[in-house]
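Take a look at the structure below.
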Amino acid sequence: MECRKLIIQSNRPLNAAVWEMKLYGENLTSAPGQFIELEVPDCCLKRPFSVADCREDVLTILYKVVGEGTKKMTALAEGNKVCALTNLGKGFDSSSSVQPLLVGGGIGAAPLYFLAKEFAKKGIQPVILLAFRCAEEIYYMDEFDEVGNVLISTDNGSLGFQGNALDALKEYSPNFDIYFACGPLPMLRALAGFSDKGQLSLEARMGCGFGACMGCSIITVSGPKRVCKEGPVFAAGEVIF
Amino acid sequence: MDTSVNLLGYRLDNPVIPASGTFGFGYEFAEFYDINCLGSISLKGTTLEPRYGNPLPRIAECPAGMLNSIGLQNPGVQKVVGEELVKLAKVFKKKAIANVGGSCTEDYVQTVEYFNHADNIFAIELNISCPNVKCGGMAFGTDPTVAGGLISAVKKVCTKPLIVKLSPNVTDISVLARAAEDAGADAVSLINTLLGMRIDLRTGKPILSMKAGGYSGRGVYPVALRMVYQVRQAVNIPVIGMGGISTAYDVLEMMMAGASAVMVGTANLIHPFACRDIIAALPGAMEEYKINSLETIIGRAHHA
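Heads up: the sequence lines are chains Z and S, in that order.
Everything in the first sequence is counted per the numbering used here, starting at 20 for the first residue and increasing by one.
Everything in the second sequence is counted per the numbering used here, starting at 26 for the first residue and increasing by one.
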């Protein structure tokens, strides 16, 4: 964990609800699956956001505007300074995968972009299944297209396969050795039931984000674990839903 | 300039103690800074058996603080004494305070007995004020007769000084403080969290799975200060003040209200370096108000 001041390089909407924020800091680092805790003006607690990209001192987060804090974030302008805790949590372990499948649901696709780029660097083209409620909610389509083979599903069928992520997965049945997923809990639960050859990135309301408050503890086969510290990425067979 | 204070016969370099439940068992914070700058540490609430705690969500934000409904998650006293205290001793050269919770008198008594033999513990803090557990916890801390019975039973077996942590969720906290003193408590600490609630506007349902939780953070500071002032008048044992302390000035004010030492809680969760920064700012704040020794300001507001 590092505690530092970052400078907002850009902050723009990608669609009606999802925004992209780029943050600059000297020697800023992160690993796919890790997250940051961002201080929002006039909010008591920092907000956890998974890292969507990090290179050359610039870290990208993608955030969905859902409440007071994220609403305030949209007002932050280029050049503003914000405090953040960086390098939080344990990310994806992609070292042993040569035929990866990435499954993102809604805003959960964000950390998978960073992971897809890591695979691309190694010359591996992952299959990327992106599940949304409708076509209007899709973001980063071009970006994902550049680094993998994208499959789309929407609940209302406005683009790609009509249905949820698991139905789409069964329909497309791509070959994979390990899947890497992030999205709503019901999606992760369904995936874990489908196959235990995966890693799941979980979301939770957090107090601190660095392991102190026990606010985000989940139950696993080896006892309670903190989403912020031992996670947010867990083996699919490890989580007791 | 002297920041040291005496607490129950143990000399603290400064009065700042991370509050129970906001600092784990201490050693994880050693990754962030040298925790030996702390006066002491009040460790995560410990029960006889391991506890997972309450279902998620356990955290909800408030304008000047937060709600929590953790529910005393801890690995149980055997693991705490056998593993957590050992890890702490490697990075913390001072003595800590063990915080004990329970569901019945026997639980509390047995848990305290385990800590009697722990060398790096100088005092026991008895949690009779946790609002987030169904049995025990706050139920022990809102009735003076029940509280007195528990404290007497624990006092019989406890070989270390006993601090009783009080709940603010009562009509008159000084009644509970006096009951604690009469039953043999060596000190009282206050306040634990205030019961609160938040509702998610989208779903129309309480955010916390337990519906209600404990409110802490800057918003509770004036309430805590008033209660510390009130309890200082009611008892002759030391008072440890806590509730929303976030700056060195807050520490001075709380001590003037009557606190012999202070605990810092929610501030640690908002900023992992909070305690270190408060301690570093203490001498400057003392100089500003021409205070040479912190001990001389304890209860100053009562002499006015």
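Note that beta-carbon positions come from the ideal geometry of N, C-alpha and C, so glycine has one too.
Minimum C-alpha distance to residue i - residue among the options
i                            : options                                   : result
aspartate 83 of chain Z      : Z:Gly234, Z:Gly256 and Z:Gly124           : The residue asked about is misnamed: residue 83 of chain Z is lysine in this sequence, not aspartate. Measuring from the Cα of lysine 83 of chain Z, the nearest candidate turns out to be Z:Gly124.
proline 265 of chain Z       : Z:Phe229, Z:Tyr158 and Z:Ser192           : Chain Z is shown from 20 up to 260; residue 265 of chain Z falls before or after that span and cannot be answered.
serine 241 of chain Z        : Z:Ile259, Z:Pro67, Z:Cys227 and Z:Cys153  : Z:Ile259
glycine 96 of chain S        : S:Lys115, S:Ala123, S:Ala121 and S:Gly46  : S:Gly46
alanine 231 of chain Z       : S:Asp211, S:Pro297 and S:Leu220           : S:Pro297
cysteine 153 of chain Z      : Z:Asn34, Z:Ile27, Z:Met20 and Z:Lys24     : Z:Asn34
phenylalanine 269 of chain Z : Z:Val122, Z:Asp174, Z:Ala103 and Z:Ile126 : Not covered by the structure: residue 269 of chain Z. The range shown for chain Z is 20 to 260.
serine 177 of chain Z        : Z:Val59, Z:Ala150, Z:Ser115 and Z:Val37   : Z:Ala150
methionine 222 of chain S    : S:Met267, S:Leu250, S:Glu86 and S:Thr136  : S:Glu86
phenylalanine 50 of chain S  : S:Val111, S:Arg76 and S:Val30             : S:Val111
proline 247 of chain S       : S:Ala55, S:Met267, S:Val30 and S:Val125   : S:Met267
alanine 223 of chain Z       : Z:Leu42, Z:Ser69, Z:Tyr43 and Z:Ser29     : Z:Ser69
glutamate 56 of chain Z      : S:Lys180, S:Val179 and S:Leu294           : S:Leu294
aspartate 59 of chain S      : S:Ile84, S:Asn39, S:Asp132 and S:Lys118   : S:Lys118
isoleucine 216 of chain S    : S:Arg301, S:Ile198, S:Thr321 and S:Asn31  : S:Ile198
proline 231 of chain S       : S:Arg243, S:Ser94, S:Val106 and S:Ile66   : S:Ser94
glycine 64 of chain S        : S:Met235, S:Arg76 and S:Asn31             : S:Asn31
Integer Cβ distance of residue i from residue j, believed to fall under 8 Å
i                         : j                         : result
leucine 233 of chain S    : proline 82 of chain S     : 6 Å
valine 102 of chain S     : threonine 71 of chain S   : 5 Å
glycine 256 of chain Z    : glycine 108 of chain Z    : With 8 Å as the limit, glycine 256 of chain Z and glycine 108 of chain Z do not qualify as a contact, their Cβ atoms being about 19 Å apart.
isoleucine 224 of chain S : isoleucine 122 of chain S : Incorrect: roughly 36 Å between the Cβ atoms, too far for contact.
tyrosine 240 of chain S   : threonine 218 of chain S  : 6 Å
valine 77 of chain Z      : arginine 66 of chain Z    : Not quite, the Cβ-Cβ distance comes to about 19 Å (not below 8 Å), so this is no contact.
leucine 120 of chain Z    : valine 146 of chain Z     : 5 Å
Backbone secondary structure at residue i - three-state DSSP
i                         : result
isoleucine 126 of chain Z : helix
tyrosine 395 of chain S   : Not covered by the structure: residue 395 of chain S. The range shown for chain S is 26 to 329.
threonine 28 of chain S   : coil
tyrosine 158 of chain Z   : coil
leucine 185 of chain Z    : helix
glutamate 56 of chain Z   : strand
cysteine 87 of chain S    : strand
alanine 210 of chain S    : coil
isoleucine 95 of chain S  : coil
valine 146 of chain Z     : strand
serine 45 of chain S      : coil
asparagine 124 of chain S : strand
leucine 121 of chain Z    : strand
proline 32 of chain Z     : strand
tyrosine 240 of chain S   : strand
arginine 23 of chain Z    : strand
methionine 233 of chain Z : coil
leucine 220 of chain S    : strand
valine 195 of chain S     : coil
Beta-carbon proximity check, residue i vs residue j, cutoff 8 Å
i                            : j                         : result
cysteine 63 of chain Z       : proline 88 of chain S     : yes
phenylalanine 138 of chain Z : glycine 52 of chain Z     : no
leucine 151 of chain S       : valine 195 of chain S     : no
serine 214 of chain S        : methionine 280 of chain S : no
aspartate 284 of chain S     : isoleucine 265 of chain S : First, the amino acid is wrong: residue 284 of chain S is alanine here, not aspartate. Contact: yes.
alanine 310 of chain S       : tyrosine 274 of chain S   : yes
glycine 90 of chain S        : valine 245 of chain S     : yes
valine 125 of chain S        : isoleucine 149 of chain S : yes
leucine 207 of chain Z       : leucine 188 of chain Z    : no
leucine 4 of chain Z         : cysteine 235 of chain Z   : This structure cannot speak to residue 4 of chain Z, because chain Z is shown only from 20 to 260.
arginine 341 of chain S      : alanine 249 of chain S    : Outside the shown range of chain S (26 to 329) lies residue 341 of chain S, about which nothing can therefore be said.
Terminal residues of the alpha helix (DSSP H) in which residue i lies
i                       : result
proline 247 of chain S  : 246 to 259
cysteine 300 of chain S : 299 to 313
leucine 207 of chain Z  : 204 to 213
valine 116 of chain S   : 110 to 116
glycine 78 of chain S   : Counting along the chain, glycine 78 of chain S falls outside any alpha helix (DSSP H), and DSSP gives it neither H nor E.
Beta-carbon neighbours of residue i, restricted to chain A and to distances below 8 Å
i                       : result
arginine 301 of chain S : The displayed structure is made up of protein chains Z and S, and chain A is not among them.
Element boundaries [beta strand (DSSP E), containing residue i]
i                         : result
threonine 173 of chain Z  : 168 to 173
alanine 164 of chain S    : It is not in any beta strand (DSSP E) - alanine 164 of chain S instead sits in the alpha helix (DSSP H) that spans 163 to 166.
isoleucine 188 of chain S : 187 to 190
glycine 242 of chain Z    : 242 to 245
threonine 93 of chain Z   : Counting along the chain, threonine 93 of chain Z falls outside any beta strand (DSSP E), and DSSP gives it neither H nor E.
threonine 105 of chain Z  : 100 to 107
proline 67 of chain Z     : 66 to 74
tyrosine 273 of chain Z   : Given a span of 20 to 260 for chain Z in the structure shown, any question on residue 273 of chain Z remains unanswerable.
lysine 41 of chain Z      : 37 to 43
glycine 266 of chain S    : 264 to 267
tyrosine 198 of chain Z   : 197 to 201
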